[in-house]
Amino acid sequence: MPHLCYQLKIVSAFDNRIYRVLEIDGSRTFADLSDAILDAFQFDHSHLYMFSRIRKPYDPNGIYHPMSDGDILADEVRLQDVKPVVRNKYLYLYDFGDEWMFYITVTGIRETDREIPVTTLQSQGDLCQYPDWEEDEFSEEEDGLSHENGDLVITVEDEADDVVTERLMNIPALLQQMWIRLVEKDLHMAGDEEINILNRLEAAGLVDVDETEDHLYLKVKWGKKNWNEYGISNHLGRRCTLENTLLSLAEIYGVIEQDLFYGVFCNNSTEPLCSETEFAEVTERLGRWNFWTIMELDDGTTYFSTFCNGIAEEILQKRKEFPVKWYCVFEDSVRDVLASGNWKQAFPVYGRICSHLIFECGWNPETAGELLEELLKCVAMGMTEQEYFKWICDSFEENGIYLTKQMKKLFRELRSEFPSAALRGYTWGEYEKNRKDGYHQLTLFEEESPFG
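Quick note on numbering: the numbering used here labels position 14 of the sequence shown as 1312, and the sequence is numbered without any gaps.
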């Protein structure tokens, strides 16, 4: 019986220039894969770990270290049991304290007539699992509780406890969570989304942000108390899940009526339902801190929108052209990802395109991310396929990039498979298949179709 051999690219989540390419037999377990990754990066094997197929840290459906409390254990699951395919991407999180994270991409699969040993095919860059603690301790004495991590420098500045308390209680849970990470010196990297949160913390008077071309300097305001004495840790996880779910839904729908949002949220939440009073308080606070904008039209309808007013108004016009009766309700697997805040990972086509642009085309992650965000706007705004590809061709031509057949295929899949704000969260593929216009076959239960 032939063996399946997997080629995997393991990339540091904190620096994509650092990676290893491994070859491993499909009969090996995820515990064997963990050992192989740790050996390849010259880490010790003394901490817990987990794998997530939806790239969610501490995923409840993840595959965990044999000595952990996880339901699915790494020494009981073989690689071939999860049926990986090329371009599948997973998360490997090692050490639940320091939280080393790696992205694993399946780059090749081949058959062999016998089991092959684990082999490191390529290696670039190094990671230091344990920095020079003596040097770090000296730096903290000299710099007054400073923490430097590459291009990131975090220092702590004294502030009156009553001032810190007042400011903390006035901000959303996601900002409170970020402040705790800064106090704990646990900000490993700062992407665009985190920069936005840091800027909001600066507006709240809890952080001073100084971003230069080479460094990001953060001065965190903190009193004499331990951070968990400020009263923000109560149900923090639940409150962050609530805010993440609301923000994920708002970003998918693009524009949603304020008086419909609570019902839509109840249909899509995996958490125990919150009261309408709590819901109103949370949405008001997210709006006040510019996580979304609030629009009021001439007819008196109030909308929450994650787009600027111009795009939001264009989406509302498109909804008249493509009438959909109600907002999309998502399956449980999607809802779990919404609650994590990384909602785009719930739609595999997004990851496939991102991986292709980075690993196959050699784009840097920032450029790939910027293009994808613009493409998602095109999908959200209801561009026809012709308009969509004209935008892509014009954009590529301006930047001297050649549009390959594979890219064109993936971009067509993105338009077909990714939710559109113009369709209230349904995809163009669903709409084209089920719309009622005399040219397409009607669904079996026509009265239940949102496209009637």
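Where a beta carbon is used, it is the ideal one built from N, C-alpha and C, also for glycine.
Its chain contains CYS1303 and ASP1323 as the residues whose beta carbon lies nearer than 6 Å to that of ILE1414, once the 5 sequence neighbours on both sides are disregarded; these appear in chain order. Within its own chain, the residues whose Cβ lies closer than 7 Å to the Cβ of TRP1641, once the five positions on either side in sequence are excluded, are SER1546, GLU1549, ILE1550 and VAL1635, listed in chain order. Secondary structure note for ILE1407: its beta strand (DSSP E) is the uninterrupted segment 1398-1410. With fewer than 16 neighbouring CB atoms inside 10 Å of its own CB, SER1531 falls in the exposed class.
ASP1508 and PRO1300 have their C-alpha atoms roughly 57 Å apart. The beta-bridge partner set that DSSP reports for ASP1508 consists of TYR1515. Membership of THR1417 in the beta strand (DSSP E) is indicated by the continuous run 1417-1422.
Inter-residue distance for GLN1427 and TYR1347 is about 14 Å (C-alpha atoms, whole angstroms). Every beta strand (DSSP E) of 3 residues or more that sits fully in the stretch 1582-1669 is shown, in chain order, as 1591-1594 and 1600-1603. When beta bridges are read from the DSSP output, SER1350 appears opposite LEU1389.
In this structure, VAL1553 keeps its C-beta atom at 8 Å or more from the C-beta atom of LEU1504. Between the stretch 1712-1723 and the stretch 1619-1633, the count of C-beta pairs closer than 8 Å reaches three or more; the two stretches touch. When only Cα atoms are considered, ARG1650 and ASP1506 end up about 37 Å apart. Of the residues assessed, GLN1340 falls on the exposed side of the cut-off, its CB having fewer than 16 other CB atoms within 10 angstroms. For CYS1303, the uninterrupted beta strand (DSSP E) segment begins and ends at 1301-1310. Within the same chain, GLU1321 come within 6 Å of THR1417 by CB-CB distance, once the 5 residues on both sides are set aside. Minimum Cα-Cα distance from TYR1317 among the listed residues GLY1423, PHE1749, LYS1387 and ASP1460 corresponds to GLY1423. By the Cβ test, the stretch 1512-1523 is in contact with the stretch 1451-1459, since at least three Cβ pairs between them sit closer than 8 Å.
Rounded to whole angstroms, the Cβ separation of ASN1732 and PHE1749 is 5 Å, and the two are in contact under 8 Å.
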